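Working notes for the structure below.
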Amino acid sequence: MRIHDKSNPSTYLPADDRYDAMKYNRCGRSGILLPAVSLGLWHNFGFVDVLENGRKILRKAFDLGITHIDLANNYGPPFGSAEENFGTMMRLDFLPYRDEMFIATKAGFDMWPGPYGNLGSRKYLIASLDQSLRRMKLDYVDLFYHHRPDPDTPLEETMMALDQVVRQGKALYVGISNYPPSQAAQAAEILRQLGTPCLIHQARYSMFDRWVEDGLLDTLQANGIGCIAFSPLAQGLLTDKYIHGIPKDSRAGKPMTYLQETQVMEKIPKIKVLNDLAQQRGQQLSQMALAWVLRDTRITSVLIGASSVGQLEENVAALANAQFSAEELEAIAGVLRGRE
Ligand SMILES: NC(=O)c1ccc[n+]([C@@H]2O[C@H](COP(=O)([O-])OP(=O)(O)OC[C@H]3O[C@@H](n4cnc5c(N)ncnc54)[C@H](OP(=O)(O)O)[C@@H]3O)[C@@H](O)[C@H]2O)c1
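Numbering follows my numbering, in which position 153 of the sequence shown is assigned residue number 133; successive positions increment by one, without gaps.
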């Protein structure tokens, strides 16, 4: 472990009050508490990004009580580079605090060429986690996910691979992501039989994408599995940034983006009305959008992204005003249904 030199001004000393304001929610029927707001490194942490910016964001996250950091083998770009940069930041700043952190990674999407670098075989999952640990320079991750269902590999094989990494000590808990309700229930049952319960399901959920309400959240609750909601801001749509067009430095303004201009333009009328509703509540649209996802007690945590420290601070401040009146919820539902 690196010696923690408190006399060196570049040494990171986390805020003493880091656990005072954050809310922690129990993850399903488990011993794990996760922060109501977690941080994902899908964007802004690759080799294409500025490492010092990511480092500032990560330091601030930890200072605000965000103990849970989410990665995947393919985050970057290029693939693997978010894990590698995270490994650098761990070494520079966080090694003394490893036991205060809950670090996740995943495998399931395209990662390396050939038949063994994608989907859900035991071969792929075990090799991928070994690679992730090397990139992050960690002995173990707290949580390893299968990133998406594989239509061809038997579910038993995939779940046995998850069970195996726990038995090997390379992961403490396992989870699934993007699984529809029936497959999530099957996966949970197989994992239960193997003696490695499914801790959590990571699913896309925001005001603009409510598929989890159609059965998934009920299934997870019945199985004692937590739910972490990814892209709760719909990749930034549920903020005030696109109201007057697409800024060049925004996710939608960048080349090779997963947020297309047409998606943005189509949503702008609703974004404007939601922004007015947020202002009436005395908060930013981003804050209302996060509080809205967390209004359902089956959601353990909202998994946000941030390209700046300011965004992160704004988003965590959502927790200060997280209650909704029935009228407010009905007004939001009306906008989402299309009745503006
Ligand atoms: N399991 C899966 O399949 C899966 C898929 C996707 C994501 N994830 C996980 O979920 C995490 C979050 O996903 P996401 O990044 O799409 O989440 P998000 O929170 O919906 O979007 C984050 C983006 O919105 C913008 N933003 C955030 N806060 C803002 C604010 N206060 N004001 C204005 N703009 C703001 C920033 O983009 P700008 O660049 O425009 O500033 C930021 O990068 C990922 O990092 C990853 O860990 C998982």
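Virtual Cβ for every residue (Gly too), placed ideally from N, Cα, C.
Computed from a prediction, not measured in an experiment: that's the story for all the values here.
Can you list, in chain order, the residues of its chain whose CB lies under 6 Å from that of residue i, leaving out five sequence neighbours each side?
i      : result
Tyr96  : Lys103 and Tyr104
Leu72  : none
Asp90  : Asn98
Asp130 : Leu99 and Gly100
Ala214 : Ser186 and Phe188
Lys36  : Val289
Gln163 : Pro129
For residue i versus residue j, is the C-beta spacing smaller than 9 Å?
i      : j       : result
Phe27  : Glu64   : yes
Thr280 : Ile180  : yes
Phe188 : Lys247  : yes
Pro160 : Ala168  : no
Pro212 : Leu174  : no
Gly20  : Ile49   : yes
Ser230 : Tyr222  : yes
Ala165 : Thr133  : no
Val17  : Ile284  : yes
Gly34  : Arg(-2) : no
Tyr153 : Phe74   : no
Tyr125 : Gly155  : yes
Ser112 : Asn158  : no
Asp143 : Leu171  : yes
Arg128 : Gly88   : yes
His23  : Ser287  : yes
Ser266 : Gln303  : no
Ala209 : Val282  : yes
Val146 : Ile106  : no
Ala151 : Tyr120  : yes
Asp244 : Leu218  : It should be noted that the sequence gives Val, not Asp, for residue 244. In this structure, Leu218 does not lie closer than 9 Å to Val244 by Cβ.
Could you tell me the boundaries of the beta strand (DSSP E) in which residue i lies?
i      : result
Phe124 : Val121 to His126
Val192 : No beta strand (DSSP E) contains Val192, which DSSP labels as neither H nor E.
Asp322 : Past the edges of the chain, shown from -19 to 320, lies residue 322, and the structure says nothing about it.
Arg184 : Cys178 to Arg184
Ile83  : Phe82 to Ala87
Tyr104 : Counting along the chain, Tyr104 falls outside any beta strand (DSSP E), though it belongs to the alpha helix (DSSP H) covering Arg102 to Met116.
Phe27  : It is not in any beta strand (DSSP E) - Phe27 carries neither H nor E in the DSSP assignment.
Ile284 : Ser281 to Ile284
Ile156 : Ala151 to Ser157
Asp50  : His48 to Asp50
Gly233 : Neither: Gly233 is in no beta strand (DSSP E) and is coded neither H nor E.
Ala300 : That residue, Ala300, is in no beta strand (DSSP E); it is neither H nor E in DSSP.
Cys207 : Gly206 to Phe210
Pro15  : Leu13 to Pro15
Asn5   : Tyr4 to Arg6
Shorter than 8 Å, the distance from the beta carbon of residue i to the closest heavy atom of ligand 1, or not?
i       : result
Ala52   : yes
Asp220  : yes
Asp229  : yes
Asn98   : no
Ser281  : no
Ile284  : yes
Gln264  : yes
Gly216  : yes
Asn158  : yes
Ala232  : yes
Arg128  : yes
Lys86   : yes
Trp22   : yes
Arg115  : no
Pro333  : Nothing in the structure corresponds to residue 333, since the chain is present only between -19 and 320.
Arg35   : no
Leu105  : no
Pro(-6) : no
Tyr55   : yes
Leu213  : yes
Tyr125  : yes
Ser186  : yes
Tell me which residue opens and which closes the alpha helix (DSSP H) that residue i is part of.
i      : result
Ile248 : Glu241 to Gln260
Pro161 : Pro161 to Leu174
Asp143 : Leu135 to Arg147
Ser61  : Ser61 to Met69
Leu316 : Ala306 to Arg317
Gly290 : Val289 to Val296
Leu218 : Careful: Leu218 lies outside any alpha helix (DSSP H) and carries neither H nor E.
Ala271 : Leu265 to Leu274
Please return the same chain residues whose Cβ sits closer than 7 Å to the Cβ of residue i, not counting the five positions on each side in sequence.
i       : result
Ala(-5) : Asp43
Gly318  : none
Once you ignore the five residues that flank residue i on each side, which residues in its own chain have a CB closer than 8 Å to its CB?
i      : result
Gln240 : Ala232
Glu294 : Gln264, Ser266 and Gln267
Quiz item: Per the contact definition of three or more C-beta pairs closer than 8 Å, is the region 270 to 284 in contact with the region -2 to 14?
Solution: yes
Exercise. Indicate whether the contact test is met: 3 or more Cβ pairs, each with one atom in the region 199 to 210 and one in the region 245 to 262, closer than 8 Å.
Key: no
Quiz item: Is the region 224 to 238 close to the region 292 to 307, with three or more CB pairs under 8 Å?
Solution: no
Quiz item: Counting Cβ pairs, one atom from each stretch, are 3 or more of them under 8 Å apart for the region 304 to 316 and the region 45 to 61?
Solution: no
Practice problem: Say whether the region 110 to 128 touches the region 74 to 87, bearing in mind that this needs 3 or more beta-carbon pairs closer than 8 Å, one atom from each stretch. | Solution: yes
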